[in-house]
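Note that the protein sequences, when read in sequence, are chains A and B. Just add 66 to the spot in the first sequence (first one is 1) and you have our numbering. Just add 6 to the spot in the second sequence (first one is 1) and you have our numbering. What follows is a short report on a single structure.
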Amino acid sequence: MSAFLRGYLSVLVFGFAAVAMVGAMLGAGRLLRPSRPQPQKYIAYESGVDPVGTGWSQSQVRYYIFALLFVMFDVEAVFIFPWAIRLEALGIFGLVEMLIFIVILALGLVYAWRKGVLRWV
Amino acid sequence: MHAVLAAAQTLKAPDLDYFALAPEIVLTAVLVGILLLDVFVDETRKYLVTQVAGLGLLVSLVPVVALAANGADRSMLGGAYVVDNFALLVKALFLATGYVVLLMSSDYIGEGDYYEGEYSFLLLSSLLGMMVMGSSRDLITIFVALELLSIPAYLLAGWRKRDLRSNEACLKYYLLGVLASAVMLYGMSLIFGATGSTVLRTIGREVGGSVGEEPIVTLGIFFIVVGFAFKVSAVPFHFWAPDTYEGAPTPVTAFLSVASKAAGFVALLQLVYIGFFGREEVWGPLFWVLAALTMTVGNLVALRQTNVVRMLAYSSVAQAGYILVPFAVAGSNPAANATAQTAALVYLLIYAAMNLGAFAIVMAVARKTRSAEISSYGGLFTYAPGLTLLMSVFLFSLAGIPPLAGWFAKLYIFESALDAGTAAAVTLAVVAGLNAVIALFYYSAVAKEMWMRPVPDGDTTPIPVPPALAAALAFTAIVVVAVGVYPQAFARLGDLAQLTLR
Chain A
67 MSAFLRGYLS VLVFGFAAVA MVGAMLGAGR LLRPSRPQPQ KYIAYESGVD
117 PVGTGWSQSQ VRYYIFALLF VMFDVEAVFI FPWAIRLEAL GIFGLVEMLI
167 FIVILALGLV YAWRKGVLRW V
Chain B
7 MHAVLAAAQT LKAPDLDYFA LAPEIVLTAV LVGILLLDVF VDETRKYLVT
57 QVAGLGLLVS LVPVVALAAN GADRSMLGGA YVVDNFALLV KALFLATGYV
107 VLLMSSDYIG EGDYYEGEYS FLLLSSLLGM MVMGSSRDLI TIFVALELLS
157 IPAYLLAGWR KRDLRSNEAC LKYYLLGVLA SAVMLYGMSL IFGATGSTVL
207 RTIGREVGGS VGEEPIVTLG IFFIVVGFAF KVSAVPFHFW APDTYEGAPT
257 PVTAFLSVAS KAAGFVALLQ LVYIGFFGRE EVWGPLFWVL AALTMTVGNL
307 VALRQTNVVR MLAYSSVAQA GYILVPFAVA GSNPAANATA QTAALVYLLI
357 YAAMNLGAFA IVMAVARKTR SAEISSYGGL FTYAPGLTLL MSVFLFSLAG
407 IPPLAGWFAK LYIFESALDA GTAAAVTLAV VAGLNAVIAL FYYSAVAKEM
457 WMRPVPDGDT TPIPVPPALA AALAFTAIVV VAVGVYPQAF ARLGDLAQLT
507 LR
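See below:
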């Protein structure tokens with residue numbers, strides 16, 4: 067067997083193992099689970115509330131902007147904590163770098179503000 | 007959180023070489039500048055954003071040239087970020103490509119309905135990722151650069167947001183891009199697990215030694231190469247490319263098919279030549295199969311296309327196949343390695359010029375005909391002789407007809423295969439030769455339509471070409487013709503920009 071085939075044998079084994087794993091899990095589930103179909107089970111699950119009306123209803127899109135802005139500043143905090151612990155050792159370099167980082171992130175807020183995203187219509 | 011804070015005790019300020027980082031710093035400053043400009047100028051003066059962005063690209067070229075004149079190789083962050091001739095050459099390529107795309111798109115975007123300011127911002131963000139990619143010699147840096155260049159590109163592909171095709175382009179590109187990233191990241195985690203390092207140079211040492219014999223390394227290399235095969239749209243991972251290219255706005259298509267693809271190849275060059283060099287028996291045959299399939303399928307499917315953009319999409323798939331040939335033959339002997347690397351780099355440079363030029367013509371013609379069907383090119387010569395001549399130059403250069411640049415690029419590819427001299431390499435050269443003949447059919451079909459057929463609707467008013475688009479055409483055409491006449495210049499660039507292996 068050539069070096070190439072020996073090398074790729076592991077890729078093949080890996081592929082078979084991946085397919086077999088999925089097949090085994092689905093198959094085991096099929097064998098183990100009881101099958102008692104009821105009409106209620108075919109209703110779309112919607113946070114425990116009975117679905118009303120059609121699926122094409124409109125929902126407020128503006129929440130996601132606030133979620134995005136929240137994530138942005140949340141991630142900023144994750145970077146600031148370790149930086150704050152080592153602030154003395156990092157010195158002026160660390161201060162300037164963090165200021166640049168915060169200013170660039172704040173630009174996102176400026177952008178959102180100028181585009182009128184922050185107004186709650 | 008606790009683990010992060012514990013690790014923070016040992017954080018030290020990194021040694022940064024600001025001169026080496028200057029191109030990226032300038033580009034970041036331009037990015038910040040155009041974002042602010044965009045939100046504070048009024049709607050009628052948004053063109054200022056595009057102009058400042060173009061100027062900014064030229065300004066960031068200055069430190070690249072200064073670094074090249076300085077000549078010293080600079081390494082930072084424990085070898086994770088390297089600025090050498092290779093990095094500088096590809097950075098210059100990306101900046102030039104970005105500038106030409108900006109020239110092509112300024113009128114297109116300005117005349118459209120959507121977000122002129124954000125367009126330049128996203129284009130430059132993507133370029134920043136490509137600049138970082140040129141220097142990254144570390145798995146994490148490569149991944150960050152790849153995401154930085156891809157995420158703005160996903161948005162750009164969906165730019166015409168009320169057009170269903172553009173939505174489709176965006177969604178397909180995004181989903182497959184994310185899939186590719188996941189596959190690649192999995193491969194990177196395996197390589198990191200086996201070698202204990204993310205720096206390519208260390209990985210190269212480990213993979214060349216006894217660790218390289220582990221099956222897990224083979225798996226890691228396989229997944230990383232497959233991930234990048236998605237990015238460079240190699241068959242059988244190409245199926246997103248034609249739909250994305252057709253649906254995206256034409257300047258974005260030009261950008262994706264040139265810059266984004268080049269970035270994928272740059273990353274592959276670094277990975278293969280520095281990281282995985284000791285295991286050519288793993289990636290060599292893989293690239294061989296990818297190259298042969300990509301060339302053949304790309305060219306055969308391109309034969310059947312009736313839409314110019316789809317034809318150019320499949321042609322760019324096929325061109326990726328030619329660029330994969332040097333990868334397939336590298337590693338067999340030291341002389342072949344050097345030629346293979348030069349061949350891939352030179353092909354990327356020349357391909358950028360000729361493909362951008364072809365897309366610029368498509369845009370110019372679509373300004374009048376509002377169509378990209380090949381039949382709408384009928385009789386182009388009677389009312390736009392200049393455009394017809396230029397399109398013929400670009401098409402025949404893509405086909406590899408002497409004395410145009412594309413001929414020289416293909417010659418180098420063949421030379422790299424013949425330098426390697428193994429039976430597999432010579433077979434691949436024969437496959438590439440056959441493909442060059444097939445490709446000639448569909449390129450010359452468009453040329454025949456332009457020169458010989460009658461005008462389909464009889465409308466022979468000349469096509470107005472805005473100055474920016476004309477400048478983009480002139481620039482690409484000059485490169486294609488000049489390199490064809492005097493190829494030594496590009497070959498010298500490619501030779502200078504060799505990646506140092508160890």
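Yeah, the Cβ is synthetic: ideal placement off N, Cα and C, and Gly gets one too. Computed from a prediction, not measured in an experiment: that's the story for all the values here.
Taking the alpha-carbon positions, what's the residue i to residue j distance?
i: tyrosine 177/A; j: leucine 184/A; result: 10 Å
i: threonine 394/B; j: tyrosine 383/B; result: 9 Å
i: tyrosine 180/B; j: glycine 77/B; result: 39 Å
i: alanine 273/B; j: leucine 401/B; result: 28 Å
i: methionine 67/A; j: phenylalanine 149/B; result: Residue placement at methionine 67/A is poorly supported in this model, since its pLDDT is 47, which falls under 50; the coordinates are not used for a value here.
i: arginine 180/A; j: valine 485/B; result: 42 Å
i: valine 315/B; j: tyrosine 251/B; result: 7 Å
i: lysine 107/A; j: serine 101/A; result: 11 Å
i: alanine 84/A; j: aspartate 23/B; result: 45 Å
i: tyrosine 105/B; j: leucine 75/A; result: 46 Å
i: glutamate 379/B; j: phenylalanine 236/B; result: 27 Å
i: glycine 210/B; j: phenylalanine 283/B; result: 6 Å
i: alanine 451/B; j: glycine 116/B; result: 33 Å
i: aspartate 425/B; j: alanine 488/B; result: 26 Å
i: valine 432/B; j: leucine 417/B; result: 14 Å
i: arginine 207/B; j: glycine 85/B; result: 8 Å
i: leucine 155/B; j: glycine 135/B; result: 4 Å
i: alanine 35/B; j: alanine 143/A; result: 23 Å
i: valine 352/B; j: proline 462/B; result: 39 Å
Assuming residue i and residue j form a contact by the criterion Cβ under 8 Å, report the distance between their Cβ atoms to the nearest whole angstrom.
i: glycine 281/B; j: valine 217/B; result: About 12 Å separates the two Cβ atoms, so there is no contact after all.
i: glycine 270/B; j: alanine 175/B; result: Contact doesn't hold; Cβ gap of about 18 Å is too wide.
i: glutamate 421/B; j: alanine 349/B; result: 7 Å
i: isoleucine 419/B; j: proline 332/B; result: 6 Å
i: glycine 327/B; j: tryptophan 413/B; result: Rounded, the Cβ-Cβ distance is 17 Å, inconsistent with contact.
i: serine 126/B; j: alanine 159/B; result: The Cβ separation is near 14 Å, so there is no contact.
i: threonine 259/B; j: phenylalanine 365/B; result: 6 Å
i: glutamine 494/B; j: glutamine 347/B; result: Between glutamine 347/B and glutamine 494/B the Cβ distance is about 17 Å, and since that is not below 8 Å, they are no contact.
i: alanine 411/B; j: isoleucine 356/B; result: 5 Å
i: valine 323/B; j: alanine 265/B; result: So it is not a contact: roughly 16 Å between Cβ atoms.
i: proline 29/B; j: valine 96/B; result: No, proline 29/B and valine 96/B are not in contact; Cβ-Cβ is about 11 Å, not under 8 Å.
i: glycine 62/B; j: leucine 33/B; result: 7 Å
How would you list, in chain order, the residues of chain B whose beta-carbon sits under 8 Å from the beta-carbon of residue i?
i: leucine 173/A; result: Val38, Leu41, Leu42
i: arginine 180/A; result: Val45, Phe46
At a cut-off of 8 Å, would you count residue i as near the ligand GDP, judging by its Cβ distance to the nearest heavy atom?
i: isoleucine 209/B; result: No copy of the ligand GDP appears in this structure; indeed no ligand is present at all.
What residues of chain A sit near residue i, judged by a beta carbon separation below 9 Å?
i: leucine 440/B; result: Per Cβ cutoff of 9 Å: no residues; leucine 440/B is ~24 Å from chain A at best.
Would you mind telling me which residues of chain A sit closer than 7 Å to residue i, beta carbon to beta carbon, in chain order?
i: proline 221/B; result: Ser76
Show which residues of chain B have a CB atom less than 7 Å away from the CB atom of residue i.
i: tyrosine 177/A; result: Leu41, Val45
i: phenylalanine 80/A; result: Leu225
i: isoleucine 170/A; result: Val38
i: arginine 185/A; result: What arginine 185/A touches in chain B: nothing, since even the nearest Cβ is about 15 Å away.
i: arginine 128/A; result: Going along chain B, no residue has its Cβ under 7 Å from arginine 128/A, so there is no contact; the nearest lies around 18 Å.
With 16 other CB atoms within 10 Å as the buried threshold, where does residue i fall?
i: tryptophan 122/A; result: exposed
i: phenylalanine 159/A; result: exposed
i: glycine 427/B; result: exposed
i: methionine 458/B; result: exposed
i: aspartate 90/B; result: buried
i: methionine 87/A; result: exposed
i: methionine 91/A; result: exposed
i: lysine 454/B; result: exposed
i: glutamine 276/B; result: buried
i: asparagine 339/B; result: exposed
i: serine 381/B; result: exposed
i: valine 138/B; result: buried
i: isoleucine 40/B; result: buried
i: glutamine 311/B; result: buried
i: tyrosine 120/B; result: exposed
Taking only beta carbons into account, state which residues of the segment 243-267 of chain B come closer than 8 Å to chain A, listed in chain order. Flagged: no residues at all.
Closer than 7 Å, Cβ to any Cβ of chain A: which residues of the segment 221-240 of chain B, in chain order? Listed by position, the residues of the segment 221-240 of chain B near chain A (Cβ gap below 7 Å) are Pro221, Thr224, Leu225, Phe228.
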